[in-house]
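Below is one structure, written out as structure tokens, with a few remarks after it.
Protein chains in written order, with our numbering: chain W, 1 to 113; chain E, 1001 to 1114.
Here is the structure:
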């Protein structure tokens, strides 16, 4: 079964600093990969996704992620953190032909003024 | 926002009582899901549906049942609520997850079992 590991349940960065949230998956076959963001008391919103093609994927709010097959990783980055980026972030994967997504346990991002 | 409505948004119930949560979509997506979100566990799949009257279990299905009699509605029932089922429940929909389609989420239902 597919599994997703998000290293670091809490990450703190200063405003303006680089944001790096880590995600590794277990499948030996390249899956479909997603990053979602959850603001307090809200549902999840899609930030970006990788299906095929270019391995560097750009999403909303200045976020991007790079699919690295050799490392089975899909880390999320943003060059300069903003206070509004404070939220919880979830990595998810889905295999070709699968019926559902598998989610990581989430990383809570705190942005320090 | 995708047309997904969860009801109720908040509920407090007593141990041993039955509870039904409703998810309604207006997107005509084939797949519908129920997840629960708990600190330290992320989102865990309870049950999902891949069509009318077609459902399957997820990783934490014990104590829960589902029904889907119409494309747009997916019901989650706790037959006899327990304190361990206190959680935030999310409904999600997707068109074709096996082809890379993303899931869209409702706003969640906060359930407290006392």
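The beta-carbon is built from N, C-alpha and C at its ideal position, and this holds for glycine as well.
Computed from a predicted model, the values in this text were never measured in an experiment.
Proximal chain W residues relative to residue i, where beta-carbon distance stays under 9 Å
i	result
residue 1072 of chain E	Chain W residues near residue 1072 of chain E: none, gap ~18 Å exceeds 9 Å.
residue 1045 of chain E	100, 101, 102 and 103
residue 1031 of chain E	99 and 100
Proximal residues of chain E, C-beta to C-beta of residue i below 7 Å
i	result
residue 97 of chain W	1098
residue 106 of chain W	1042
residue 46 of chain W	1102
Per-residue burial, residue i [other beta carbons within 10 Å of its own, 16 or more giving buried]
i	result
residue 1009 of chain E	exposed
residue 80 of chain W	exposed
residue 83 of chain W	exposed
residue 1078 of chain E	buried
residue 1099 of chain E	exposed
residue 1109 of chain E	buried
residue 107 of chain W	buried
residue 1052 of chain E	exposed
residue 1054 of chain E	exposed
residue 1047 of chain E	buried
residue 1018 of chain E	exposed
Per-residue contacts from residue i into chain W (C-beta, under 7 Å)
i	result
residue 1107 of chain E	42 and 43
Integer-rounded CB distance, given that residue j should sit under 8 Å from residue i
i	j	result
residue 1066 of chain E	residue 1076 of chain E	6 Å
Residues that residue i contacts on chain W, provided the C-beta gap is smaller than 8 Å
i	result
residue 1050 of chain E	99
Q) Counting pairs of beta carbons, one from the stretch 1017-1027 of chain E and one from the stretch 37-47 of chain W, are three or more of them closer than 8 Å? A) Counting Cβ pairs under 8 Å, fewer than three are found: no touch.
Q: Flag this pair as touching only if the stretch 71-87 of chain W and the stretch 11-26 of chain W have three or more C-beta atom pairs under 8 Å; answer yes or no.
A: Yes: the two stretches touch, three or more of their Cβ pairs being nearer than 8 Å.
Q: Taking a Cβ distance cut-off of 7 Å, strictly less, list which residues of the stretch 14-38 of chain W are near chain E, in chain order.
A: Cβ contacts with chain E come from 32 and 34.
Q.
Check whether the stretch 1078-1094 of chain E and the stretch 1036-1048 of chain E are in contact - that is, three or more C-beta pairs closer than 8 Å.
A. Verdict: yes, contact present.
Q. Just by C-beta distance, which residues in the stretch 50-63 of chain W are closer than 9 Å to chain E?
A. For the stretch 50-63 of chain W, the beta-carbon criterion of a distance under 9 Å to any beta-carbon of chain E is satisfied by 50, 51 and 52.
Q | Against chain E: residues of the stretch 75-93 of chain W by CB proximity under 7 Å | A | Correct list: 90.
Q) Which residues, in chain order, does the stretch 1011-1031 of chain E contribute to contact with chain W at a C-beta distance below 9 Å? A) Within the stretch 1011-1031 of chain E, 1031 place their CB atoms closer than 9 Å to a CB of chain W, listed in sequence order.
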